Amino acid sequence: MNRYLKLYKLRIIFAVLLLACSACPQSANVAVFFEGLNNPRGLKFGPDGNLYVAEGGAGGTLSTIGVCDQVVPPVGPYTGDFTARISKITPSGTRTIVADNLPSSQTSPALGSLVSGVADVAFIGNTLYAILAGAGCSHGLAGTDNAVLRVNADGTTTMIADLSAFLKTHPVKNPEPDDFEPDGTWYSMIAVRGALYAVEPNHGELDIVTTSGQIRRIADISATQGHIVPTAIAYHGNFYVGNLKTFPIQDGSSKILKITPSGQVKTFATGFTTILGLAFDQIGRLYVLENTTGNAFPTPGTGKVLRIDHSGKVEEIASGLFLPTAMTFGPDGNLYVSNVGFGPPPIGLGQVVKIQMPQ
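Each residue of the sequence shown is one higher than the one before, starting from 3 at the first, in our numbering.
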C-alpha cells in the first residue's frame, strides 16, 4: 500500500512541476517541430513523407461504475469520452486530422487524471493502422474495446483485432492484482514483414496481430520478469523491448529485453530509467528514450535520449525533454519525439520535437 499512498501525491506533484518547468532548458540539438497536440504518444513517418501522431485525447466524464469491473483504486475508476485522434503533420508543419472521435479515457483524479487514447500507429504498405489503449468498459466507455484499427481513406476506422477480448481469454502467468486493467493499456506497435507487433504494459506481453485479425502471443514477459511494465519496442533481427518499471522511480531500474521471433526472452542491457521509446538507426545503433531521470515521480525537463553503440557504450544524445512518450526516426535521419506527452493539463500543449543527430 505504501506505493499507492505515494501515487496519490502525483496530481499535486505534476501541477507544481508543470508550473516550475515552463521554460525547462533542453539541449541545443532539440527544437520544436510542431505543437498543439493532446497527449501525443506513438508516431511514425508514412510512405508519403508525412508524420502521423497518435494522440491520447482529452479523456472525458463518461463512467461505467456499476456496469462492469472497474480498475482498482487509486488508478481507477476511469472516466472517458471520444476525444482521441490521429494527426498528420507535413514536413512544413501543417497539421490535418486523419481520424477523430476515438476512445479516450483517464485515470482517477487521485492519480492525476492521466489520459490514454490512441497509443501508437504503424504502416503496412500505404495502409495506416492504430492501436487503442483508452477503450473498454473498464475505462469508462461501455460498448468499446481496445483494438487494432485500420484507418480508411475517408477517416473512418475498421476494427481488425479485438485486443480486450484477447486479454480476457488469454491471461498471462503473473498479472499484478492490485494494478490490473481488464482491457489492458497497450503502448507501442510496430510493423514487421507485413504483420503488427504490440506491447501491453499492464499484463506484460508481446503479441503479433495480422492484418486479417489473428492475434497470437509471442512472449509472456510477466512469466520471467514479473510486473516490470514493458512499454517500448523496436526490431533489428529480434525484438527489443524496454520497460517503464513501477513507481516510485528508481534510477537505473529499467532494462532492455531481447525477444526472439519464437518468444525467447533475454536481458540485452540494464541501467536505464523509465524507458518509453526505442529506435535503431541505419547502422544498427539503439536509441533509448527515458521519460524521467533523477526523480521519484514523472518530472518535466528530465527526459533524455541515450544511444547504445555496437560496443555497448552508452552516450547521451539529448536532455531536458518534457515528459516525452515516444520517438521515431525521420527520413532526414533525425529523431522525432512526442514531448509533453502526459500530465495535467497537457491538452493543447503536446509537441513533437526534432533532435538533430550528431555526426
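Cβ coordinates follow ideal geometry from the N, Cα and C atoms, glycine included. Owing to the predicted nature of the structure, the values given are computational and were not obtained by experimental measurement.
Exercise. Would you mind stating whether P173 and Y189 have Cβ atoms separated by less than 8 Å?
Key: no
Quiz item: Which ranges does the alpha helix (DSSP H) cover as unbroken runs of at least 4 residues, wholly within the stretch 123-211, from first to last along the chain?
Solution: 165-171
Quiz item: Quick one: what does DSSP say I357 is sitting in, helix, strand or coil?
Solution: strand
Quiz item: If you check the beta carbons only, do Q353 and V32 fall under 8 Å apart?
Solution: no
Practice problem: Inspect the beta-carbon positions of I258 and A271 and report whether they are closer than 8 Å. | Solution: yes
Quiz item: Terminal residues of the continuous beta strand (DSSP E) containing T81?
Solution: T81 to I91
Quiz item: Comparing alpha-carbon positions, which option in P75, A328 and I357 lies nearest D180?
Solution: P75
Quiz item: Which residue from V342, P360, M359 and Q358 puts its Cα closest to that of G44?
Solution: V342
Quiz prompt | Reference T269, options I285, N245 and A281, closest by Cα | solution = N245
Quiz prompt | CB contact below 8 Å: V150 versus chain D | solution = Absence of chain D from the displayed structure is noted, only one protein chain being present.
Quiz item: Which residues does DSSP pair with D222 in a beta bridge?
Solution: E207
Self-check item: Where the beta strand (DSSP E) containing G273 begins and where it ends
Solution: V267 to F274
Quiz prompt | C-alpha gap between D102 and L53, whole angstroms | solution = 16 Å
Quiz item: Between G350 and the rest of its own chain, which residues show a CB-CB distance below 8 Å, the 5 nearest in sequence each way excluded?
Solution: G38, L39 and N40
Self-check item: Nearest neighbour of R287, chosen from L337, I251, G265 and Q266 [CA to CA]
Solution: L337
Quiz item: Considering only residues of the same chain and omitting the five flanking positions on each side of N148, which have a CB-CB separation below 7 Å?
Solution: L134, A135, A137, G138, L165, S166, D185, G186 and W188
Quiz item: Quick one: Cα of L104 to Cα of I210, how far?
Solution: 23 Å
Self-check item: P27 (DSSP reduced to helix, strand or coil)
Solution: coil
Quiz item: How would you write the range of the beta strand (DSSP E) that F35 sits in, first residue to last?
Solution: V32 to L39
Exercise. Less than 8 Å between the CB atoms is what I'm expecting for F331 and D283, so what's the real figure, rounded?
Key: 6 Å
Quiz item: What separation, rounded to the nearest whole angstrom, lies between the Cα atoms of S65 and Q266?
Solution: 40 Å
Quiz item: How about G305 and N297: do their beta carbons lie closer than 8 Å?
Solution: no
Self-check item: Strand pairing of R309, partner residues [DSSP]
Solution: Y289 and E317
Quiz item: Candidates F125, V55 and F249: which alpha carbon is nearest L113's?
Solution: F249
Quiz prompt | Delimiting residues of the beta strand (DSSP E) encompassing T330 | solution = A328 to F331
Quiz item: How would you write the range of the beta strand (DSSP E) that V339 sits in, first residue to last?
Solution: L337 to N341
Quiz item: Can you name the start and end residues of the beta strand (DSSP E) that Q108 belongs to?
Solution: R97 to Q108
Quiz item: Comparing the CB of S214 with every heavy atom of the ligand FMN, is any distance shorter than 7 Å?
Solution: No copy of the ligand FMN occurs in the structure displayed, which carries no ligand at all.
Quiz item: Does DSSP classify P111 as helix, strand or coil?
Solution: helix
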